[in-house]
Structures are given as structure tokens and as C-alpha cells.
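And the structure:
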């Protein structure tokens, strides 16, 4: 597991590893306090976190941790599954601790799960879906940027007209 974590840190995923660690710790605390054992979704709130959730190496890392992929079309997010004890969640979180150089300190505390290899056709379909989603998000961002530029042009045009109106008003007053 140390090598996998090192590879992810090398790819720039240190913050995402820390986020997973915080989620595991928080879930362990919730399960101890509330005696509730439900799956907890890992919701990517930033574009960087969304991007990492498309990286097969990172997703393999999550599987090896025991974090579950979306079970069906109704689930959109990976989940910390029900059934993992608070102690095991804390061990997983402790295993993700990194030193100041990004080296895993306690990776041996993590009990790795064997990855389940998806079928080739499924991988291709998922890959295509991810590319399509990325392209859709890119187009949405471009459209939002274009609309923002249009609004900016309209505001600048109105401001120029107002400026011209004020100038003309002053000239009219001088001439009167």
C-alpha cells in the first residue's frame, strides 16, 4: 500500500488522500457516537476532487481501501460502506498519514482489499462516459464564460452610454 500511496502523492493527490483520511476519521467518530452503521458518500466538492475520481489509479486505491464504487445508476458517489467498524476505519485513516515529505508513515495498518478487475467492455464504456462528462462540463464552463463576457460587454456599453449622456448634459448646461 505504501507504493500506491507514494504514487498518488507523486501525481499530486496529497490533498485528496488527506480528504479521504478525514472522511474515514469522521465516519468512525459518527459510528461510535450514533451507533449508526450506514454507507457514507465521498462527495467531490472541488474540480480537483472531481478529476481525481476519474483517475483509474486513484479509484483502484479506493477499492483496495475497501471504499465502494457507486452500486448502480441511482448512486453517483463512492461510499465508505456500512459494516466497517470504527476501529478499522481509524486504522485505515492512520495508514494514510503522510510525513512532511509525503511519505506514508503507517501504511501497514491498512488491510488491503483485492481489487476487482472490471470487464474490458465495462472499462471502455466507463471511460467513454467519463470523457463525455468531462467534455460536457468543459462546454458548460465555456458557455458560462461566454455569458459572463456578454454581460460584461453589455454593462460596459451601458456605462459608456451613461458617460456620454453625462458629458452631453454638462455641455448643454455650459451652452445655456
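Numbering (our numbering), first residue to last: 131 to 306.
By construction, the Cβ of each residue, glycine as well, lies at the ideal position given by its N, Cα and C atoms.
Predicted model, so just to flag it, every value in this text is computed and none were measured.
Residue i lies in the beta strand (DSSP E); which residues open and close that run?
i, result
"residue 228", "Run containing residue 228: none; DSSP gives neither H nor E here."
"residue 170", "170-172"
"residue 210", "208-210"
Would you give the residue range spanned by the alpha helix (DSSP H) that residue i belongs to?
i, result
"residue 192", "186-195"
"residue 144", "144-164"
"residue 138", "132-140"
"residue 179", "177-182"
Quick check: the Cα distance between residue i and residue j, rounded to an integer number of angstroms?
i, j, result
"residue 299", "residue 291", "12 Å"
"residue 286", "residue 297", "16 Å"
"residue 203", "residue 147", "26 Å"
"residue 184", "residue 260", "7 Å"
"residue 284", "residue 142", "41 Å"
"residue 233", "residue 186", "21 Å"
"residue 189", "residue 150", "12 Å"
"residue 288", "residue 270", "27 Å"
"residue 172", "residue 153", "8 Å"
"residue 222", "residue 280", "49 Å"
"residue 276", "residue 282", "10 Å"
"residue 196", "residue 229", "23 Å"
"residue 215", "residue 139", "27 Å"
"residue 238", "residue 219", "14 Å"
"residue 208", "residue 192", "9 Å"
What does the Cβ neighbour count give for residue i, buried or exposed, with the cut at 16 atoms within 10 Å?
i, result
"residue 200", "exposed"
"residue 176", "exposed"
"residue 170", "buried"
"residue 274", "exposed"
"residue 217", "exposed"
Taking the DSSP output, what are the residues bridged to residue i?
i, result
"residue 198", "209"
"residue 92", "Residue coverage of the chain in this structure runs from 131 to 306, which leaves residue 92 outside it and unanswerable."
Could you check whether the Cβ of residue i sits closer than 8 Å to any Cβ belonging to chain D?
i, result
"residue 227", "Among the chains in the structure shown there is no chain D, since it carries only a single protein chain."
| query | Below 8 Å, can you find three or more Cβ-Cβ pairs linking the segment 157-172 to the segment 134-141? | reply | no
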